[in-house]
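Everything in the sequence shown is counted per numbering that gives the first Met the number 0, starting at 0 for the first residue and increasing by one. Below: the structure, in C-alpha cells.
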Amino acid sequence: MKTITILARKLKKYYPPQFVVLLLAFTAGLLTACSDDTEDEVSAQLHLLTLDEVNTGLPKVVINTPDHVAITDKSKWMDNVEMTIYKADGTIEYQGTLQAKGRGNSTWGFPKKPYALKLDKKASILGMPKHKRWCLLANWVDRTLIRNAVGFEIARQMNSLAYTPRGEFVELFLNGRFEGNYYLCEQIKVDENRVDIVELDEDATSGVGITGGYILEVDDHFDEDFRFVSSRGNMPWQCKDPDEVNPEQFAYVQHFVNEMEDALYDDARFVKRDFVKYLNLETFADWWLVMELTSNIEANGPKSCIMHKDMDKADGTLSKLCAGPVWDFDYNTFKPERSNEYAIINSFYYQRLFRDNQFRQIVKQRWAALKATGIALYISQYIDTLRDRLEPSASLNYAMWPPTLFVNGDTYLNYHDAVSRLKTSFLRKYTYLDHAIDKL
Numbered sequence: 000m001k002t003i004t005i006l007a008r009k010l011k012k013y014y015p016p017q018f019v020v021l022l023l024a025f026t027a028g029l030l031t032a033c034s035d036d037t038e039d040e041v042s043a044q045l046h047l048l049t050l051d052e053v054n055t056g057l058p059k060v061v062i063n064t065p066d067h068v069a070i071t072d073k074s075k076w077m078d079n080v081e082m083t084i085y086k087a088d089g090t091i092e093y094q095g096t097l098q099a100k101g102r103g104n105s106t107w108g109f110p111k112k113p114y115a116l117k118l119d120k121k122a123s124i125l126g127m128p129k130h131k132r133w134c135l136l137a138n139w140v141d142r143t144l145i146r147n148a149v150g151f152e153i154a155r156q157m158n159s160l161a162y163t164p165r166g167e168f169v170e171l172f173l174n175g176r177f178e179g180n181y182y183l184c185e186q187i188k189v190d191e192n193r194v195d196i197v198e199l200d201e202d203a204t205s206g207v208g209i210t211g212g213y214i215l216e217v218d219d220h221f222d223e224d225f226r227f228v229s230s231r232g233n234m235p236w237q238c239k240d241p242d243e244v245n246p247e248q249f250a251y252v253q254h255f256v257n258e259m260e261d262a263l264y265d266d267a268r269f270v271k272r273d274f275v276k277y278l279n280l281e282t283f284a285d286w287w288l289v290m291e292l293t294s295n296i297e298a299n300g301p302k303s304c305i306m307h308k309d310m311d312k313a314d315g316t317l318s319k320l321c322a323g324p325v326w327d328f329d330y331n332t333f334k335p336e337r338s339n340e341y342a343i344i345n346s347f348y349y350q351r352l353f354r355d356n357q358f359r360q361i362v363k364q365r366w367a368a369l370k371a372t373g374i375a376l377y378i379s380q381y382i383d384t385l386r387d388r389l390e391p392s393a394s395l396n397y398a399m400w401p402p403t404l405f406v407n408g409d410t411y412l413n414y415h416d417a418v419s420r421l422k423t424s425f426l427r428k429y430t431y432l433d434h435a436i437d438k439l
C-alpha cells in the first residue's frame, strides 16, 4: 500500500485525477482479474488525454495527416503531413510539413506502430543536427522502453564506430489521439552529420566513382529493391543508401562483397590474410563488442547487420568495408539468462574472423580500452537516469500498450524491476566478457 501511495503522489504531478485512478489500478495489477473489455476501456480512455493533460517532462510531437487519414502503408509516403514539436517547457521546437509512412519489418505488425518521417526541408530537431529523415520508434515489445537508447549509448563509447544514431524520448499525438512514448531518432543515412562518407553520384558507371559511398545491410527480411545473396557466405545483402543504384553500381557492390567473402572463406587466401584488404577489423571488433554487451543475437539471422563503404582513393587505394552503424536493440536483448555465453561469436562473418589471431588481439585491445573508460559504471548510471526520467511516461504507455510478446522476459514486471533486470543483464555480461575475452 505504501508503494501505491508513493506512486499516486508521483502520478498526480503528471496526469489529471480521473486518469490517475486508472493508472493506479493498472499498475497495481487490480485489473488482472477483469475482462479484456475492461482493459480495452482503460486503454481507450487514456488515449483521450489531450496535449495539456500530458506533462511527463518529455517533449511532445503532434502529427496531423490530411483529413486525419491513418498511416497504414510502409511502402508509400503520405504527403502534406503537418508536425509540431513542443519542448518540455511548452515552447515550440519545430513546426513544418513533411511526408510520413510506416516503417519496420516485424515491428510494423505490432499494435503500436513505428513511423518514418521525411521533412520538406532539413531541420535540427531537439538538438540533433539538421536532416530530413527521422524515425519514430514505438518500442512496443520493450517493457523498459530504453533498450535501443542503451544499445546506442554503448556503441557511442566505441572509438572506431564513427556514427551512432542520436535520439530523444517524446510523447506522440497522432491525429488528435495520444499514442504514448516514442523514441524520435535519426534514420541512418549518408550525411556529414551521420554516416560521413562520400555521397554516391547517381550517374557514376565506372572508375573510382562507383566505389562509394554505400550503406549496406545484411538482413534476411530481404525486402529492399536492390538485393542479392552472396556467393560464398550465402548472406542476404541489400543496398540501404542510396536506395536506388544503377546496374553498374549494383554489379560493383556484388563483386566487392563476393571478393571479400572469397578472401575470407578460401583457406589459402585466409592464411595470407587477404581479407584485411576488404575489412576494417577495428570496426568489426567494436560492433561485435556492442552486440555481446547487449546480448543482441540479430546477427544469427542475420538481421540488422548494417555496414558502410566509402569511395576508394583517387590513387586506387581500396576503401574498406566498415561495420556499423548499430541498429535494432528492442527485441530479444539484455536477457540475464544469456549473459554467461557469447551471443554471436559463431554468427555472421565472426566464425571466420575469430580464427585469425590478429583479429582476436584487436578484440582484446578494444576491450581493454573500453574497460579503461569505466563503461560499466557509466552505462549503469545512464540506465538509472533514463529510468527516473521515463517512469511517468512508462506507466501511461504500458497501460495504453500492454505488450503481449514475452521475447525480452520482462513483459509482466513493473517498470523498476524491468529496468533493473536490464541493468543486471548488462553487468553480468560485462563480467563474463571480462573473463572470456582474455581466453580468446
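Virtual Cβ for every residue (Gly too), placed ideally from N, Cα, C. Being a predicted model, the structure only gives us computed values, none of them experimental.
Nearest to residue i (by Cα), restricted to the options the options
i: arginine 420; options: Gly408, Gly126 and Tyr251; result: Gly408
i: glutamine 360; options: Pro401, Lys438, His415 and Gly323; result: Lys438
i: aspartate 329; options: Leu97, Tyr349 and Glu297; result: Glu297
i: phenylalanine 353; options: Lys319, Asp311, Tyr264 and Gly373; result: Tyr264
i: proline 164; options: Phe274, Pro246, Trp139 and Val325; result: Val325
i: lysine 239; options: Gln357, Gly300, Gly323 and Phe333; result: Gly323
i: leucine 320; options: Lys308, Gly89, His46 and Lys59; result: Lys308
i: arginine 388; options: Thr106, Trp133, Ile145 and Met127; result: Ile145
i: valine 61; options: Leu199, Leu50 and Glu281; result: Leu50
i: glycine 315; options: Asp261, Val289, Val207 and Phe347; result: Val207
i: proline 241; options: Lys370, Glu223, Asn396 and Phe347; result: Glu223
i: glutamine 248; options: Met259, Ala267, Ala375 and Met310; result: Met310
i: asparagine 331; options: Met290, Ala371, Gly166 and Gly89; result: Met290
8 angstroms Cβ cutoff met for residue i and residue j
i: lysine 276; j: leucine 317; result: yes
i: serine 444; j: leucine 426; result: The requested residue 444 is not part of the displayed model; the chain covers only 0 to 439.
i: isoleucine 382; j: leucine 292; result: no
i: tyrosine 181; j: alanine 148; result: no
i: tyrosine 431; j: asparagine 339; result: yes
i: tryptophan 400; j: glycine 108; result: no
i: arginine 365; j: aspartate 285; result: yes
i: lysine 86; j: histidine 130; result: no
i: histidine 220; j: lysine 100; result: no
i: asparagine 257; j: arginine 231; result: yes
i: tryptophan 133; j: leucine 183; result: yes
i: isoleucine 343; j: asparagine 299; result: yes
i: arginine 142; j: tyrosine 162; result: no
i: serine 394; j: serine 294; result: no
i: tryptophan 76; j: proline 110; result: no
i: asparagine 174; j: threonine 64; result: yes
i: leucine 288; j: methionine 157; result: yes
Three-state secondary structure assigned by DSSP to residue i
i: valine 133; result: According to the sequence provided, residue 133 is tryptophan. The question's valine does not apply to it. Looking at tryptophan 133 - three-state DSSP - the assignment turns out to be strand.
i: tyrosine 297; result: In the sequence as presented, tyrosine is not what sits at residue 297; that position holds glutamate. Glutamate 297: helix per DSSP, three-state reduction.
i: proline 113; result: coil
i: aspartate 416; result: helix
i: tryptophan 236; result: strand
i: valine 197; result: coil
i: glutamine 156; result: coil
i: glycine 56; result: coil
i: histidine 307; result: strand
i: glycine 179; result: strand
i: glycine 126; result: coil
i: glutamine 186; result: coil
i: tyrosine 341; result: coil
i: glutamate 92; result: strand
i: valine 41; result: helix
i: glycine 108; result: helix
i: phenylalanine 168; result: strand
i: lysine 120; result: strand
i: valine 80; result: strand
i: glycine 150; result: helix
i: aspartate 355; result: coil
i: isoleucine 70; result: coil
i: leucine 97; result: strand
Residue-level contact to chain D via CB, residue i, 8 angstroms cutoff
i: glutamate 92; result: Structure shown: chain D not included; a single protein chain is present.
- request: Could you tell me whether the region 207-226 touches the region 163-170, using the rule of 3 or more Cβ pairs below 8 angstroms?
  value: No: fewer than three Cβ pairs fall under 8 angstroms.
Enumerate, from N- to C-terminal direction, the unbroken beta strand (DSSP E) stretches of 3 or more residues contained entirely within the region 200-229. Qualifying beta strand (DSSP E) stretches, in chain order: 213-217 and 226-228.
Three Cβ pairs or more, each shorter than 8 angstroms: is that satisfied between the region 110-119 and the region 42-56?
With the cut-off at 8 angstroms, the region 110-119 and the region 42-56 do not touch.
Contained alpha helix (DSSP H) runs [length at least 4] in the region 245-298, N- to C-terminal order:
For the alpha helix (DSSP H) assignment, the uninterrupted runs of no fewer than 4 residues enclosed by the region 245-298 are, from N- to C-terminal side, 246-264, 266-270 and 280-292.
| task | Spell out a yes or no on whether the region 82-97 and the region 119-135 are touching, meaning 3 or more CB-CB pairs, one atom from each, closer than 8 angstroms. | result | Between the region 82-97 and the region 119-135, the count of C-beta pairs closer than 8 angstroms reaches three or more; the two stretches touch.
Between the region 404-418 and the region 61-72, do at least 3 Cβ pairs fall closer than 8 angstroms? No, they do not touch.
Report the start-end ranges of each alpha helix (DSSP H) in the region 379-429 that is 4 residues or longer and not cut off at the edges. Within the region 379-429, no complete alpha helix (DSSP H) run reaches 4 residues.
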